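Trainee: Residue numbers (the working numbering), protein chains in the order written: chain B, 1 to 463; chain L, 464 to 926.
We treat Cβ as the ideally placed atom computed from N, Cα and C, and that holds for glycine.
Please read all numbers here as calculations on a predicted model, not as lab measurements.
First the structure, which I've put down as structure tokens, then a few questions once you've had a look.
Protein chains: 2
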Amino acid sequence: MIKPRTPPGVMELLPPDQIAFQRMLDTIRRNFERFGFLPVETPVMELSEVLLTKSGGETERQVYFVQSTGALEKASQGGDSTPELALRFDLTVPLARYVAEHEHELAFPFRRYQMQRVYRGERAQRGRFREFYQCDIDVIGKDALSVRFDAELPAVIHAVFSELDIGAFTIQLNNRKLMRGFFEAQGVAEGELQALVLREVDKLDKRGEEHVRETLTGEGFNLSAEAVATILDFVKIRSTSHDDALAKLDALGGGNDALREGVAELREVLELVRALGVPESAYALNFSIARGLDYYTGTVYETTLNDFPQIGSICSGGRYENLASHYTKSRLPGVGISIGLTRLFWQLREAGLLGGAVGSTVQAMVALMDEQSLPDALEIARRLRAAGINTEVQMEARKIGKQFQYASRAGIRFVLLAGDDEKARGVVAVKDLAREEQFDVPREELASTLRVELEQSRALAGR
Amino acid sequence: MIKPRTPPGVMELLPPDQIAFQRMLDTIRRNFERFGFLPVETPVMELSEVLLTKSGGETERQVYFVQSTGALEKASQGGDSTPELALRFDLTVPLARYVAEHEHELAFPFRRYQMQRVYRGERAQRGRFREFYQCDIDVIGKDALSVRFDAELPAVIHAVFSELDIGAFTIQLNNRKLMRGFFEAQGVAEGELQALVLREVDKLDKRGEEHVRETLTGEGFNLSAEAVATILDFVKIRSTSHDDALAKLDALGGGNDALREGVAELREVLELVRALGVPESAYALNFSIARGLDYYTGTVYETTLNDFPQIGSICSGGRYENLASHYTKSRLPGVGISIGLTRLFWQLREAGLLGGAVGSTVQAMVALMDEQSLPDALEIARRLRAAGINTEVQMEARKIGKQFQYASRAGIRFVLLAGDDEKARGVVAVKDLAREEQFDVPREELASTLRVELEQSRALAGR
């Protein structure tokens, strides 16, 4: 006998949570499609040679390799032991490979969404996952891609998280060119040094301002107290409204080319985000946001829940110069965002933000009064299903109390009874477990009545 | 520069095919939920020790093992090289592990659906896949499960394939007890011998009756000519209607216990399948169907497309005695079916049965007449999206002919134009690329007009 268990670092759900998770996936997908993004799925296994184009790197140390039984046997007999296959660790490298491979069959700008699981050999730790869903959208241009596309992504983020209904959120915007220009003006011109400074600045919340100030003026950095003060003032900038955001950009003054370019880009993005109908309470400038410094080159995004800042960013991304330089000579600039849904779901559940009773996918259950009534129960179910109502039938005439208990625990809303009395009167007794009501409905009207009830509840819930 | 390519044996789709594939997945899921099945997802990686409970077997020789970078390094330094993780090769073993692991948190009979990819190191060959979707439903009982549940699965199969709309199909039914009883009566009592005989019988179509007759009467089998004739007559039995099916069961006579039990089960299943509203043209007895002989114990199913028998079974399954004997002492009988969607999709596409123009997920495109009109175009898009219409905006004012060409190629139905003239008149020009019509719609009515058009098309298409 083997103990049934999953490997550490995966999230496996019982059906009620799986239903809640699936609804989040559906909501995200619906909104991605609403904005004109097209679905792509890629294989979970890529050729190692194709996947691991860069040498080293933290992510690549976490890669899972895949070998068939045959390959393992060959390796054990002294054959080549380099695994030919590896599991994707994100959706960006597969996207690069996909776009380069199918370049001549795709229309650019290419707008794709992808919602699949990725794999990382993370250290086992609570809340860290080795298998997790990423929900990504990207727009890829050929040769060039207007900064205007950078404005669409906050609109998608706003649509997704409004409908997910997990509380107020703020989409935080920054621009890598603006940052580069600013740091150059403070004498931090070199890219790696900027990265180191930003890493220190990132510790502001944890270590406090004094610690960061001491580090940056101390050995290793040797920045002037004045420069550090300017930097600390800069990274603390947050806008409080659309006009305030524009004013904060103006206040940065002329500066160098990079700064001016970044300011102009952010200004255009802000204007179009507003034109797309995103309320100004949902977005703000935040000059501390840097993100993958060796990757992003223009607009960068993070999204935080206003009441749960400790959860960190729930949706991040940005603009990059060239998606697929390892695979094609074509220049493919792009902009994208990613939602790490497994981690988000886990955190929302931990924080009690999932709302609990989402209800079952099963909307109605036909109870079975006695064994002879089974064909009739199946006929009732057939009609409900034909009308689009998810229906389960009790296939055995257990005690009626047990049948109700089952429906109640399972989160099924309607229990339907058709005993001899109901049959004689041509009705079905409906027990609405949500409203704790019971009423009779003529057989012919059962499906339409339940549909109306379900539609009303959906409308009331605002979805 | 690395050549971008996928590993052999995976199916990767361009967006139009991915949309068609996703619609099939959605249809299957919708119908699984319609019949009250609950969603489950399991991790793609299982502990090898848990996944590989049986020793040997063809499937287990095809298993992919997974190792993190760290584990590989350890193995290369002479550490334990047995991979701890393996990719699931079906959804049945993970279901067994899941049900055993969560036994006390699940309500039985447990009705679950699972639609995920599985992995097998198949020989590389056209039409064979190493990564493919399985779409499974199973009902698992605790201690016992009424044969009545066996009748629900043909109803689900009928609902799924009717809505998938890929042509007429027949759900073929048989029963392992009936077969066992019949073969025992012919002097083929031993299980393994039965399996060998059935394997020969399975060659009827390819090798012809004479070849099979010679083999079974020849050395190794030594069956009498009479027994072989009876067997060949038996496995050729097909019913042509509901009443014919019942008559063919009657014609088998009393026989031994196993035969009688099998006949009684099939009769009950047939009656309930009819009560569930499955038309009699969609199901039939087929006494040649055996399926996994060491696994199934009662009802077995196969489903074939009437006009494309060469595709083979598109949905198969059956009843089994005990799901999870490796993981729990509880007896968990069940019944289930599986659709191998990747292979089915590939075969339908090869046979030209996909119907081609499924249309994009994008329903409307707002064309951009000139650069200044962008905010207006975004506002039009915002309203359409708020009304639930999937909308893309041309973010740059390319030549209008190019914009139309793009929409047409992408399969987008509505192109919307709001030039100076339309703006002055308070209308938007709508070009319906499906009907090749152009008409003006007042701005305020645009979203509702397009919704009505889209709803009408959906209703006409019967979905």
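Threshold first: 4 residues or longer. Then list the alpha helix (DSSP H) segments lying entirely within the stretch 735–817 of chain L, N to C.
Mentor: Qualifying alpha helix (DSSP H) stretches, in chain order: 804–813.
Trainee: Take M508 of chain L as the anchor and find which of B:T53, B:S360, B:G121 has the nearest alpha-carbon.
Mentor: Looking at the Cα atoms, B:G121 is the closest of the given residues.
Trainee: In three-state DSSP terms, what is N390 of chain B?
Mentor: Note: N390 of chain B maps to coil in three-state DSSP.
Trainee: Can the beta-carbon of V263 of chain B be found less than 8 Å from the beta-carbon of L249 of chain B?
Mentor: Yes, the Cβ-Cβ distance between V263 of chain B and L249 of chain B is below 8 Å.
Trainee: Residue range of the alpha helix (DSSP H) that R670 of chain L falls in?
Mentor: R670 of chain L -> alpha helix (DSSP H) spans 667–670.
Trainee: Count the other CB atoms, across all protein chains shown, that sit within 10 Å of the CB of M179 of chain B; report buried if there are 16 or more and exposed otherwise.
Mentor: M179 of chain B is buried by the Cβ-count criterion.
Trainee: Could you name the residues of chain B that V473 of chain L contacts, counting a contact when the two beta carbons are closer than 8 Å?
Mentor: Going along chain B in sequence order, the residues near V473 of chain L (Cβ under 8 Å) are P43, M45.
Trainee: I think N256 of chain B touches G191 of chain B, with their Cβ atoms under 8 Å apart; what is that distance to the nearest whole Å?
Mentor: N256 of chain B to G191 of chain B, Cβ: 15 Å. No contact.
Trainee: I want to verify the contact list: residues of chain B whose CB lies under 7 Å from the CB of F612 of chain L, in sequence order.
Mentor: By Cβ distance, chain B contributes M395.
Trainee: Going along chain B, which residues have a C-beta under 7 Å from S751 of chain L?
Mentor: Going along chain B, no residue has its Cβ under 7 Å from S751 of chain L, so there is no contact; the nearest lies around 29 Å.
Trainee: At what residues does the beta strand (DSSP E) containing Q172 of chain B begin and finish?
Mentor: Per DSSP, Q172 of chain B belongs to the beta strand (DSSP E) from 169–175.
Trainee: Indicate whether at least one CB of chain B lies closer than 8 Å to the CB of R497 of chain L.
Mentor: Chain B contact via Cβ: present.
Trainee: Tell me where the beta strand (DSSP E) around M45 of chain B begins and ends.
Mentor: Residues 45–47.
Trainee: Would you kindly work out how many angstroms separate the C-alpha atoms of K862 of chain L and M24 of chain B, rounded to a whole number?
Mentor: Roughly 39 Å separates the two Cα atoms.
Trainee: To which residues does DSSP link F439 of chain B through a beta bridge?
Mentor: In the DSSP output, where bridge partners are listed per residue, F439 of chain B has B:V430.
Trainee: Mark Y295 of chain B as exposed unless 16 or more other C-beta atoms lie within 10 angstroms of its C-beta, in which case mark it buried.
Mentor: Burial call: exposed.
Trainee: Leaving aside the five residues before and after Y327 of chain B along the sequence, list all residues of the same chain whose C-beta is less than 7 Å from its C-beta, in chain order.
Mentor: Counting only Cβ-Cβ distances below 7 Å, and skipping sequence neighbours, we find A96, R97, A100.
Trainee: Measuring straight from C-alpha to C-alpha, what distance separates V503 of chain L and Q577 of chain L?
Mentor: So the two alpha carbons sit approximately 5 Å from each other.
Trainee: Taking just the CA atoms, how far does P7 of chain B sit from G681 of chain L?
Mentor: Whole-angstrom Cα-Cα distance: 52 Å.
Trainee: Could you give the DSSP three-state label for E585 of chain L: helix, strand or coil?
Mentor: In this structure, E585 of chain L counts as coil in the three-state DSSP scheme.
Trainee: Spell out whether any CB of chain L is found under 8 Å from the CB atom of M1 of chain B.
Mentor: For M1 of chain B, the answer is yes, since a Cβ of chain L falls inside 8 Å of its Cβ.
Trainee: Determine the contact status of N769 of chain L and E626 of chain L, defining contact as a CB-CB distance below 8 Å.
Mentor: No, these two residues do not count as a Cβ contact at 8 Å.
Trainee: Whose C-beta lies closer than 6 Å to the C-beta of R463 of chain B among residues of the same chain, with five residues either side of it excluded?
Mentor: Its pLDDT being 49, under 50, R463 of chain B is placed unreliably by the model, and the measurement read from it follows with that caveat. Excluding positions up to five away in sequence, the list is empty.
Trainee: Counting only runs of 4+ residues fully inside the stretch 694–721 of chain L, write out the alpha helix (DSSP H) ranges in chain order.
Mentor: Correct list: 705–714.
Trainee: Between the stretch 140–150 of chain B and the stretch 331–338 of chain B, do at least 3 Cβ pairs fall closer than 8 Å?
Mentor: Judged by Cβ distances under 8 Å, the stretch 140–150 of chain B makes contact with the stretch 331–338 of chain B, as three or more pairs qualify.
Trainee: In three-state terms, what does DSSP make of M578 of chain L?
Mentor: Here M578 of chain L sits in strand by DSSP.
Trainee: Using the beta-carbon of each residue, which ones in chain B are nearer than 7 Å to Y869 of chain L?
Mentor: What Y869 of chain L touches in chain B: A107.
Trainee: Spatial neighbours of C598 of chain L within its chain, please: CB distance less than 6 Å, with the 5 preceding and 5 following residues excluded, ordered by chain position.
Mentor: Once the five neighbours on either side are set aside, the close Cβ partners of C598 of chain L are I491, M578, I802, L804.
Trainee: Whose C-beta lies closer than 8 Å to the C-beta of R267 of chain B among residues of the same chain, with five residues either side of it excluded?
Mentor: Counting only Cβ-Cβ distances below 8 Å, and skipping sequence neighbours, we find L246, L249.
Trainee: By the DSSP assignment, the alpha helix (DSSP H) with F612 of chain L in it spans what residues?
Mentor: Looking at the DSSP string, the run of the alpha helix (DSSP H) that includes F612 of chain L is 612–627.
Trainee: Considering only the beta carbon of each residue, do I694 of chain L and Q649 of chain L sit closer than 8 Å?
Mentor: Cβ atoms of I694 of chain L and Q649 of chain L: closer than 8 Å.
Trainee: Determine the burial state of T545 of chain L: buried for a count of at least 16 other Cβ atoms within 10 Å of its Cβ, exposed for fewer.
Mentor: T545 of chain L is exposed by the Cβ-count criterion.
Trainee: Using the beta-carbon of each residue, which ones in chain L are nearer than 8 Å to I19 of chain B?
Mentor: Neighbours of I19 of chain B on chain L, chain order: L501, P502.
Trainee: At 3 residues or longer, what runs of the beta strand (DSSP E) sit wholly inside the stretch 373–425 of chain B?
Mentor: Here the runs fully enclosed are 391–393, 414–417.
Trainee: So is L923 of chain L buried or exposed if we call it buried at 16+ other beta carbons inside 10 Å?
Mentor: By the 10 Å Cβ count, L923 of chain L comes out exposed.
Trainee: State yes or no: is the beta carbon of P478 of chain L nearer than 8 Å to at least one beta carbon in chain B?
Mentor: True, the Cβ-Cβ gap to chain B drops below 8 Å.
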